[in-house]
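Just so you know, the sequence shown maps onto residues 2 to 577 in this note's numbering. The beta-carbon is built from N, C-alpha and C at its ideal position, and this holds for glycine as well. Bear in mind that the values here come from a model prediction, so they are computed numbers and not experimental data. Okay, structure first, notes after.
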Amino acid sequence: MSMKGARIFVECLLRENVEVIFGIPGGVVLSIYDELYDAPIKHVLMRHEQAAAHAADGYARASGKVGVCLATSGPGATNLVTGIVTAHMDSVPLVVFTGNVPTHLIGNDAFQEADIVGITRPCTKHNYLVRRTEDLPRVIKEAFYIASTGRPGPVLVDMPKDLLLSEAEFSYPETVSLRGYRPVVEADRRQIEAAARALMEAKRPVVYAGGGVITSGASAELLEVAELAEIPVTTTLMGIGGFPTVHRLSLGMLGMHGTWYANTAISHADLLFAIGVRFDDRVTGKLEEFAAEAKKIHVEIDPSEINKNVPVDLPILGDAKAVLQQLKPYLIEMRAKMPPEWHDERRAWITQIERWKREHPLCYDDDEEVIKPQRLIEEISRATRGDAIISVDVGQHQMWAAQFYRFKRPRTWLSSSGLGTMGFGFPAAIGAQMARPDQLVVAIVGDGGFQMTMQELATVAEHRLPVKVVIVNNAYLGMVRQWQQIFFNGRYSAVDLSLSPDFARLAEAFGIVGYRVTRPAALADTIEEAFSIPGPVVLDVHVAPEENVYPMVPPGASIKEMIEGQYKSPKTFQLT
């Protein structure tokens, strides 16, 4: 059947079971929007293209499906770039569609022309400039395949206006075969056996789990392996939710703002089982001293990440879920043959870690006069019972949420972890709510980051999305202020946000319920009330302005060199 390119585009999305697309219309993609008018695909009109990319990202993270966004040429396309890089750094599957000027005008500096393929080449898994209408089905099929397989990532498809208006025969390919692209899923049997032996023979093993565990759907397998081999588990910022923080073997997060006991356990481990991680600088600190006493096993689906930052003793190329499934029977067989001393050694290691947890817990000085941000996160965790999807922005509130919220399941933590994109949290929550309409979604954002994408209040108002926005309002760019306090002698420069809007009244201007909370005594009841409202809500919570995030590893230092806060009457917090 012959169809115009715009119709082919919609038919391709239907074949890929796309239900939601986030975007903003513009001149060169009007033919697509005309086709979407009658299509059974929900289009969510965002108020900025960057937010469209973040919403597609949040949709993908919360659902495990490919997120889709669409923008027009020129500034529409370039506004997507921050969201594309965010997804690229965190290995999130997106297919990003952009319009372009007609083919014969490409390279002529036509109105609203930008070389988006060239611009995004370094920050996409792959990208395409489609030259012929008949190529659209193949390209779109390949785009979804590439985005969602192997190590996921964003794929951009740029479509000139003329090919969307031209006609071609529509035939959608059933399969994809790309020479040179063959992601390895299952690992070599000999490597699996060697890994199992190393795990069982170690005296002080630690599992270091990252976002790859969540991406591959390996959380249940990780739990089984950890319990079977009696190994404590620490997660990266991206790996939060991949292992339940309430579990007795959980060490919480490691790294710059990780728990004292996670970093200490890593520093004393004799075996590090790294799975779905990339040994990034916020985790490792000073590379030469990271897990210096440990033999290292690295399970990773992307071969370019192995031995990139940290040399490893046993590299295992494969999908996290498949590798853990392969590993389990070996561990069962070996455990049955272990002597009684093995159990004693494991108990001694876990007992030592439990002692560290008691001696160096996460803590803060509570206050009955001013709301402490840590208490705010605890109250959110208590009100949601750890069952909400938590989408965060970037900064101090992000770290407090990572530390003080009790996560139980994967795909309930959405964070721009690699790029650290302010403005991410709120639109990502919108995408998550579209993906999981029956789930409570809470956007925990700072007053700085929220002001970068707060125009999306119009989006949640239009669609009556029941996203709960909690603004951790300290009237500062908090993390920058903390660094200026510690490393620049308290010379606060360009961090004062005291001249910000009344966020509760701003919400009301959009027809959204708004609360302003300033007293600790009102905090718990206000959260309970706000979260019970069926529609969107904004809570503007004013917290202690100069509270700092601890523990903290100074930049360039070893993770053993943690700065712990000084507390007069600390309120302790245990993950378990």
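Problem set entry | Identity of the residues DSSP links to V102 by a beta bridge | Taking the sequence shown and counting its residues from 1, one reaches residue 102 at position 101. Per DSSP, none; premise fails for V102.
query = Is the number of C-beta pairs between the region 361 to 368 and the region 413 to 427 that are closer than 8 Å three or more?
reply = no
Margin query: Which residue marks the beginning of the beta strand (DSSP E) containing P316, and which one marks its end?
Written below: Here residue 316 corresponds to residue number 315 of the sequence shown, with the count starting at 1. Where P316 is concerned, the enclosing beta strand (DSSP E) stretches over 315 to 318.
Item to check | K296, DSSP secondary structure in three states | outcome: As a first step, residue 296 must be located in the sequence shown, where it is residue number 295. Residue state, collapsed to three classes: strand.
Straight-line gap, Q397 to V471 (C-alpha atoms, nearest Å): Within the sequence shown, residue 397 is the residue found at index 396, counting from 1. Within the sequence shown, residue 471 is the residue found at index 470, counting from 1. Each residue's Cα considered, the two are about 14 Å apart.
| said: So the candidates are V481, L507, A505; which of them puts its Cα closest to the Cα of V496? | reply: Here residue 496 is taken as the residue at index 495 of the sequence shown, counted from 1. Residue V481 is the option with its Cα nearest to V496.
Handout entry: Length at least 3, wholly inside the region 422 to 448: the beta strand (DSSP E) runs in chain order
Key = 442 to 447
Could you check what DSSP says for H543 in three-state terms: helix, strand or coil? Taking the sequence shown and counting its residues from 1, one reaches residue 543 at position 542. Correct three-state label for H543: strand.
Problem set entry | Whole-number beta carbon distance between D271 and A295, since they are thought to touch under 8 Å | Taking the first residue of the sequence shown as 1, we reach residue 295 at position 294. Taking the first residue of the sequence shown as 1, we reach residue 271 at position 270. Rounded, the Cβ-Cβ distance is 6 Å, consistent with contact.
Spatial neighbours of L157 within its chain, please: CB distance less than 6 Å, with the 5 preceding and 5 following residues excluded, ordered by chain position.
Within the sequence shown, residue 157 is the residue found at index 156, counting from 1. Here the set comprises V97, T121, T125, N128.
> From D503 to A430, what does the alpha carbon distance come to, in whole angstroms?
Replying inline: Looking up residue 503 in the sequence shown gives position 502. Looking up residue 430 in the sequence shown gives position 429. Roughly 21 Å separates the two Cα atoms.
**Asked** By the 10 Å Cβ neighbour count, where 16 or more other Cβ atoms means buried, how is I534 classified, buried or exposed?
**Response** The residue you call residue 534 lines up with position 533 of the sequence shown. Looking at its Cβ environment, which holds fewer than 16 other Cβ atoms inside 10 Å, I534 is exposed.
* Which residues mark the beginning and the end of the beta strand (DSSP E) in which E168 is found? -> Walking along the sequence shown from the start, residue 168 turns up at place 167. Counting along the chain, the beta strand (DSSP E) containing E168 begins and ends at 168 to 170.
### Chain-order list of residues whose beta-carbon lies under 8 Å from that of Q6 (same chain, five-residue window excluded)
Reading the sequence shown from its first residue, position 5 is the one you call residue 6. Looking at the sequence shown, residue 6 is not Gln but Gly. Once the five neighbours on either side are set aside, the close Cβ partners of G6 are S32, T134, L137, M160, L164, L165, L166, S167, E168, A169.
Roughly how many whole angstroms lie between the Cα atoms of A403 and S172? As a first step, residue 403 must be located in the sequence shown, where it is residue number 402. As a first step, residue 172 must be located in the sequence shown, where it is residue number 171. The alpha-carbon atoms of A403 and S172 are separated by roughly 47 Å.
Exercise for review: Look at the alpha carbon of A321 and the alpha carbon of Q327, and state the distance between them as a whole number of angstroms.
Suggested key: Counting from one through the sequence shown, the residue named residue 321 turns up at place 320. Counting from one through the sequence shown, the residue named residue 327 turns up at place 326. Between A321 and Q327, the C-alpha separation is close to 10 Å.
Whole angstroms are fine: how far does the CA of Y146 sit from the CA of Y568? Looking up residue 568 in the sequence shown gives position 567. Looking up residue 146 in the sequence shown gives position 145. Rounded to the nearest angstrom, the two C-alpha atoms are 52 Å apart.
Margin query: Considering just the uninterrupted stretch of the alpha helix (DSSP H) at D345, what are its terminal residues?
Written below: Numbered from 1 along the sequence shown, position 344 holds the residue referred to as residue 345. Here the alpha helix (DSSP H) through D345 covers 341 to 360.
- request: To the nearest angstrom, report how far apart V30 and N474 are at their CA atoms.
  value: As a first step, residue 30 is located in the sequence shown; it is residue number 29 there, counting from the start. As a first step, residue 474 is located in the sequence shown; it is residue number 473 there, counting from the start. Computed Cα separation, rounded: 39 Å.
Are the C-beta of G319 and some C-beta of chain D separated by less than 7 Å?
Among the chains in the structure shown there is no chain D, since it carries only a single protein chain.
Q) Given 8 Å as the limit, is there contact between the region 182 to 197 and the region 294 to 311, that is, 3 or more CB pairs closer than that? A) yes
*asked:* Among P546, G450, A476, M435, whose alpha-carbon lies nearest the alpha-carbon of V468?
replied: Stepping through the sequence shown from its first residue, residue 468 is reached at position 467. Checked all of P546, G450, A476, M435; the closest Cα to V468 is M435.
Exercise for the section: Would you decide whether P41 is buried or exposed? Buried here means 16 or more other CB atoms lie within 10 Å of its CB. Expected result: By 1-based counting over the sequence shown, the position of residue 41 is 40. By the neighbour-count rule (16 or more Cβ atoms within 10 Å), P41 is not buried but exposed.
Q. Should V446 go down as buried or exposed, given a rule of 16 or more other Cβ atoms within 10 Å for buried?
A. Here residue 446 is taken as the residue at index 445 of the sequence shown, counted from 1. By the 10 Å Cβ count, V446 comes out buried.
request  = Please list the segments of the beta strand (DSSP E) lying wholly inside the region 79 to 139, counting only runs of 3 or more residues, in order along the chain.
outcome  = 95 to 101, 127 to 130
Between the alpha carbons of L325 and P155, how many angstroms are there, rounded? As a first step, residue 325 must be located in the sequence shown, where it is residue number 324. As a first step, residue 155 must be located in the sequence shown, where it is residue number 154. So the alpha carbons of these two residues sit roughly 26 Å apart.
| request: Return the first residue and the last residue of the beta strand (DSSP E) that L157 is part of. | output: Working through the sequence shown from its first residue, we reach residue 157 at position 156. Counting along the chain, the beta strand (DSSP E) containing L157 begins and ends at 155 to 161.
Check your understanding: By how many angstroms is the C-alpha of G256 removed from the C-alpha of M580?
Key -> Here the chain covers residues 2 to 577 and nothing more, so residue 580 does not appear.
For the candidate residues T422, E509, V371, whose alpha-carbon lies nearest to that of S392?
In the sequence shown, residue 392 corresponds to position 391, counting from 1. Nearest option by C-alpha distance: T422.
| message | Is it the case that the region 281 to 292 contacts the region 553 to 572, given that we only count it when at least three CB pairs across the two stretches are under 8 Å? | response | yes
- Query: Near A459, which residues of its chain fall below 8 Å by C-beta distance, leaving aside the five closest residues on each side in sequence?
  - Reply: Position 458 of the sequence shown holds residue 459. The residues are R48, F511.
Check: Looking only at DSSP bridge pairs, what is T573 linked to?
Finding: To locate residue 573, count along the sequence shown from 1; it is residue 572. According to DSSP, T573 bridges with C364.
With 16 other CB atoms within 10 Å as the buried threshold, where does M453 fall? Here the question's residue 453 lines up with position 452 in the sequence shown. Result: buried.
Subject >> Cβ-Cβ distance between E50 and L71 below 7 Å >> reply: The residue labelled residue 50 in the question sits at position 49 within the sequence shown. The residue labelled residue 71 in the question sits at position 70 within the sequence shown. Not a contact, by the Cβ cut-off of 7 Å.
Problem set entry | Length-filtered (3 minimum) beta strand (DSSP E) runs lying within the region 491 to 527 | 514 to 518
According to DSSP, is M589 helix, strand or coil? Limits of the chain in this structure are 2 at one end and 577 at the other, which puts residue 589 out of reach.
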